[in-house]
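The next block holds one structure in the form of structure tokens; read it before the comments.
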Amino acid sequence: MRMIIALFIALVTTPLLGQVPGTAFPSGSHVYVEPSVVVIRDTVAVQAGGTGGYNFSLTRGSRLIAELGVEGGANNRIDVWLLDQANYQRYQAGQQFSYFKGTSGPITHGAKYQFVVPTTNIYYLVLDNRRAWMLSRTVKLNVYAILPEPTPETKQLESVLETQYQGLKKVFIFPDFNISIRHCGFENAFSNPNITLCAELIENLANQQLPSATAFVFFHELGHSLLRGWGLPMWDNEDAADEFATVLMMMGHQEAGALQAAQWWAGRGSTQEALSKLTIDDRHTISPQRARNIIHWLNSKDELLSRWERVFIPNIQTAMLAQMLRDHDWDEALIRGELRKRGSDQQPGGLQPVNAREEPQQNAHLDTANQECKQTWLGSVCGGQTYREIKPGKVAIWNEGTCAASDDGRLGCIFGHAQSTADCDHTWVGAVCTGQDFLQVIAGEGPQTLRWHGNVCGLNGREVAACITKQGR
Numbered sequence: 037m038r039m040i041i042a043l044f045i046a047l048v049t050t051p052l053l054g055q056v057p058g059t060a061f062p063s064g065s066h067v068y069v070e071p072s073v074v075v076i077r078d079t080v081a082v083q084a085g086g087t088g089g090y091n092f093s094l095t096r097g098s099r100l101i102a103e104l105g106v107e108g109g110a111n112n113r114i115d116v117w118l119l120d121q122a123n124y125q126r127y128q129a130g131q132q133f134s135y136f137k138g139t140s141g142p143i144t145h146g147a148k149y150q151f152v153v154p155t156t157n158i159y160y161l162v163l164d165n166r167r168a169w170m171l172s173r174t175v176k177l178n179v180y181a182i183l184p185e186p187t188p189e190t191k192q193l194e195s196v197l198e199t200q201y202q203g204l205k206k207v208f209i210f211p212d213f214n215i216s217i218r219h220c221g222f223e224n225a226f227s228n229p230n231i232t233l234c235a236e237l238i239e240n241l242a243n244q245q246l247p248s249a250t251a252f253v254f255f256h257e258l259g260h261s262l263l264r265g266w267g268l269p270m271w272d273n274e275d276a277a278d279e280f281a282t283v284l285m286m287m288g289h290q291e292a293g294a295l296q297a298a299q300w301w302a303g304r305g306s307t308q309e310a311l312s313k314l315t316i317d318d319r320h321t322i323s324p325q326r327a328r329n330i331i332h333w334l335n336s337k338d339e340l341l342s343r344w345e346r347v348f349i350p351n352i353q354t355a356m357l358a359q360m361l362r363d364h365d366w367d368e369a370l371i372r373g374e375l376r377k378r379g380s381d382q383q384p385g386g387l388q389p390v391n392a393r394e395e396p397q398q399n400a401h402l403d404t405a406n407q408e409c410k411q412t413w414l415g416s417v418c419g420g421q422t423y424r425e426i427k428p429g430k431v432a433i434w435n436e437g438t439c440a441a442s443d444d445g446r447l448g449c450i451f452g453h454a455q456s457t458a459d460c461d462h463t464w465v466g467a468v469c470t471g472q473d474f475l476q477v478i479a480g481e482g483p484q485t486l487r488w489h490g491n492v493c494g495l496n497g498r499e500v501a502a503c504i505t506k507q508g509r
């Protein structure tokens, strides 16, 4: 498992340099890398009475996106012209010239436009400040082109990332989602639950010599997507997503990447962020505090990993759980308890992945208690004082405090009715306590009441994915 996570980290920390994520996913793929190239990323001063410009080659069918900001003078204004080669020569000679409509003319403060390239040619972007008599203009340019077809590089990156996505599915159980790397017009990343990494953010991190922070950003968004898919209430909590990312970086032995993320956030000003939160719905913690959180978590590795084991293990593929039994870094009791819930033999060859959202079968009102138990969730209590672990042909029975399953003494039997809630504190996960209240015991955290409301299993009134079933008849 850690090898797969480490490989995924290596891929998402590779600088993308000009190829980055969009919208048209290859057939059968969950990854799209936008075939784009940076044309201009610059800030330039244009003197009064003067001009400046750039030239570049564009392919027919490409989509040119230009974002320009202007400061200076009394009106923050400048003329901008997008010209083909022939008209640029006329412009230079002081002759009448033609320009592409919607892309040229005076702009004040800023402008953004898109332009579909009609012909493969050399094009010129001219910044014209000849109307100004005294003051210069400062122009910030962000210009890129989305190519009409995928490039060999983007196809290769999509293929590699798709392979790693499938590797992730061999580790975790989750509903499918898509991953896009594309230009957004701003530096960001987000999940809805599809994950988008904005090229602007990736480029910014690369320019700051912090490419490994990209992995942390990706795992932050992955945390939102997976926690949401697992039905956990903290899926939209930004600090929880940061913690999730830190844990995965630890598991991949990539703490340096988490430190790069902390370095990035530590260097961002908190005053402007705090002011923006007054008007923008942003639930992220102020950046310097996010940095401090990451450092704290990295210094609390054992406690953090132990806590997140209880989140991960119920959502890890059965075959992977079997492999993890050989990894002494994991809580063996938790893994074996989860395997028993799934009714899996504890030999790797007999284990199969389980469905992310497999719906339990409710009691089928069959004739006998034994038959009825086979239709319920793992962990149900059936047949009076006989407590059955639902595994075909295998009965787990309590005999004067000794748990036996199929007479082989296997640990992890379903617990009998406890006399008080306190008794549940020291039982296995899946214990049934206090009469008609069905409790899921989490070691070290005390019991959490799971109640049935009709056919809905809920934790303190919330619907959850895994509840202890009702007693069989």
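Mapping of the sequence shown onto our numbering: residues 37 to 509, in sequence order.
C-beta atoms are modelled at their ideal positions from N, C-alpha and C, and glycine is treated no differently.
Values in this document were obtained by computation on a predicted structure and should not be read as measured data.
- Contact annotation: Leu104 and Ala147 have beta-carbon atoms nearer than 7 Å.
- The region 132 to 149 makes no contact with the region 84 to 91, as fewer than three CB pairs between them are under 8 Å.
- The shortest CA-to-CA distance from Glu274 to any of Ile330, Ser140, Asp338 and Leu193 is the one to Ile330.
- Within the region 58 to 138, the alpha helix (DSSP H) runs of at least 4 residues that lie entirely inside it are, in chain order, 121 to 128.
- Counting along the chain, the unbroken beta strand (DSSP E) around Ala225 starts and ends at Ala225 to Ser227.
- Between the alpha carbons of Ala297 and Ala122 lies a distance of about 48 Å.
- In terms of Cβ geometry, Ile349 and Leu370 form a close pair [threshold 7 Å].
- Secondary structure in the region 156 to 239: the alpha helix (DSSP H) runs of 4 residues or longer, each lying completely within the stretch, are 188 to 207 in chain order.
- The residue among Val152, Gln192, Leu171 and Ser65 with its C-alpha nearest the C-alpha of Asn111 is Leu171.
- Of the residues His256, Ala251, Pro71 and Val116, the one whose Cα lies closest to the Cα of Asp164 is Val116.
- Asn351 counts as buried, since no fewer than 16 other beta carbons sit within 10 angstroms of its beta carbon.
- The three-state secondary structure of Gly293, taken from DSSP, is helix.
- Residue pairing by DSSP places Val347 opposite no residue, since no beta bridge is assigned to it.
- Taken through DSSP and simplified to helix, strand or coil, Gln244 comes out as coil.
- The alpha-carbon separation between Leu246 and Gln128 amounts to approximately 42 Å.
- Remark: C-beta atoms of Ala249 and Leu237 do not approach each other more closely than 7 Å.
- Cα atoms of Ala281 and Leu263: separation of roughly 12 Å, rounded to the nearest angstrom.
- The shortest C-alpha to C-alpha distance from Glu374 to any of Thr354, Gln359, Asp365 and Asn91 is the one to Thr354.
- Taking the Cα of Gln150 as reference, the smallest distance to any Cα among Cys220, Asn243, Leu295 and Leu100 is reached at Leu100.
- Per DSSP, reduced to three states, the secondary structure at Pro269 is helical.
- In this structure, Val69 lies near Ile217, with their beta-carbon atoms less than 7 Å apart.
- Only residues of its own chain outside the window of five on either side were considered, and among them Ala225 have a CB closer than 6 Å to the CB of Val253, listed in chain order.
- Leu295 and Tyr90 have their C-alpha atoms some 38 Å from each other.
- Note: Gln150 is bridge-paired with Ile101 in the DSSP secondary-structure output.
- With respect to Asp120, Tyr159 sits close: the two C-beta atoms are nearer than 7 Å.
- Distances from the alpha-carbon of Arg328 to those of Leu361, Leu118 and Glu279 put Glu279 closest.
- Assignment of Gly373 by DSSP, reduced to helix, strand and coil, places it in the helix class.
- Rounded to the nearest whole angstrom, the CA to CA distance from Trp366 to Met360 is 7 Å.
- Rounded to the nearest whole angstrom, the C-alpha separation of Val152 and Gln202 is 36 Å.
- Sorting Asp212, Met287, Tyr124 and Thr187 by C-alpha distance to the C-alpha of Val73 places Thr187 at the top.
- Taking C-beta atoms as the reference points, Ser195 and Ser227 fail to come closer than 7 Å.
- Its chain contains Val283 and Met286 as the residues whose beta carbon lies nearer than 7 Å to that of Leu341, once the 5 sequence neighbours on both sides are disregarded; these appear in chain order.
- A direct Cα-Cα distance of roughly 36 Å separates Leu204 from Ile76.
- At the C-beta level, Ile231 and Glu257 come within 7 Å of one another.
- Burial check for Lys337: the Cβ neighbour count within 10 Å stays below 16, so the residue is exposed.
- Counted as a single uninterrupted DSSP element, the beta strand (DSSP E) harbouring Ile143 occupies residues Gly141 to Thr144.
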